[in-house]
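A.B. asks: Reminder that position 78 of the sequence shown reads as 68 in our numbering, one-by-one numbering, no gaps.
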Amino acid sequence: MHRALAIAPSILSADFARLGEEVRAIDAAGADWIHVDVMDGHFVPNITIGPEVVKALRPHTAKPFDVHLMISPCDPYLEAFAKAGADVITVHVESGPHVHRSLQAIRALGKKAGVTLNPGTPESMVEPVIDLVDLILVMSVNPGFGGQKFIPHALERVARLRAMAARRPIDIEVDGGVAPDNAAEIVRAGANVLVAGSAGFKGGPGAYKSNIAAIRGAAAQVRGEVA
């Protein structure tokens, strides 16, 4: 199934002193989704934002909020992020023993449910819950910090997960080290949602449009589409 291409700049790389302005800027620059990295300093070695910040950012754009929870436990916070304005809520298979329950809870809240895999986690962990997910997120870096180098093995993982998804209406997203020079091979492997952190925000607001366009152009060409 041919899924729509989406570029999802990660606000982890934005200027946190002016997040509302940054979200408006990437929206105007052509972002399809806004990727929100939530880190707890426990599951990953960094602390970012919580549901109150998501709620404060919600009025700044109508674009979908793609909320990636790198927290453990995640279940106590699902409702808060849903109410704050998340459109997609993604949880890690490694964050606890009840990922099936977590995905059921997200769907019961009326949100799209995503599941994430760290680089060292086998794709087989997704198979038991694949009929509960709208999105599979492949981490192409170890989560916790922006600006890391893309792990090439992620391409094989994307291809296997795309085959596993078969004809289900599932988006496959890649997060970590995505840039114009590897966007084509990522999409060729089977991904259709590209998270752009450093590559999306480099150069400041004046460069956001060209940054997003460069990633989209490389990806669209492989798909036989006009950027």
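The C-beta atom is built at its ideal place from N, Cα and C for all residues, glycine as well.
Is the Cβ-Cβ distance between Met60 and His82 less than 8 Å?
C.D. replies: Within the sequence shown, numbered from 1, the residue matching residue 60 stands at position 70. Within the sequence shown, numbered from 1, the residue matching residue 82 stands at position 92. The answer is yes: Cβ separation under 8 Å.
A.B. asks: Under 8 Å by Cβ, that's how I've got Leu2 and Gly136 pegged, so tell me the actual separation to the nearest angstrom.
C.D. replies: Position 12 of the sequence shown holds residue 2. Position 146 of the sequence shown holds residue 136. With 8 Å as the limit, Leu2 and Gly136 qualify as a contact, their Cβ atoms being about 5 Å apart.
A.B. asks: To test your reading of the DSSP string, which unbroken alpha helix (DSSP H) runs of 4 or more residues are found completely within the stretch 105 to 132?
C.D. replies: Here no run is fully enclosed.
A.B. asks: Am I right that Pro112 and Asn132 are in contact with their C-beta atoms under 8 Å? What's the rounded C-beta distance?
C.D. replies: Numbered from 1 along the sequence shown, position 122 holds the residue referred to as residue 112. Numbered from 1 along the sequence shown, position 142 holds the residue referred to as residue 132. Their Cβ separation, rounded to whole angstroms, is 16 Å, which puts Pro112 and Asn132 out of contact at 8 Å.
A.B. asks: If you run the structure through DSSP and keep just helix, strand and coil, what is Ile176?
C.D. replies: Position 186 of the sequence shown holds residue 176. Here Ile176 sits in helix by DSSP.
A.B. asks: When you compare the CB positions of Glu163 and Val185, do they come within less than 8 Å of one another, or not?
C.D. replies: Against the sequence shown, residue 163 aligns to sequence position 173. Against the sequence shown, residue 185 aligns to sequence position 195. Cβ atoms of Glu163 and Val185: closer than 8 Å.
A.B. asks: Can you check which of these residues, Val123, Ser114, Val116, Gly86, is closest to Arg97 by C-alpha distance?
C.D. replies: One-based indexing of the sequence shown puts residue 97 at position 107. The shortest C-alpha separation from Arg97 is found at Val123.
A.B. asks: Looking at Val43 and Gly134, is the spacing between their C-beta atoms short of 8 Å?
C.D. replies: In the sequence shown, residue 134 corresponds to position 144, counting from 1. In the sequence shown, residue 43 corresponds to position 53, counting from 1. Against a cut-off of 8 Å, the Cβ pair of Val43 and Gly134 comes out as no contact.
A.B. asks: Of the residues Ala149, Val78, Pro63, which one's Cα is nearest the Cα of Arg91?
C.D. replies: Translated into positions along the sequence shown, residue 91 becomes position 101. Out of Ala149, Val78, Pro63, Pro63 has the C-alpha closest to the C-alpha of Arg91.
A.B. asks: Return the Cβ separation of Ile16 and Ile205 in integer angstroms, given the expectation that the two are a contact with Cβ distance under 8 Å.
C.D. replies: On the sequence shown, residue 16 is found 26 positions in, with the first residue counted as 1. On the sequence shown, residue 205 is found 215 positions in, with the first residue counted as 1. 12 Å between Cβ atoms; not a contact.
A.B. asks: Let me check one thing: in DSSP terms, what residues is Thr80 bridge-paired to?
C.D. replies: The residue labelled residue 80 in the question sits at position 90 within the sequence shown. For Thr80, which the question treats as bridged, DSSP gives the partners His58, Gly104.
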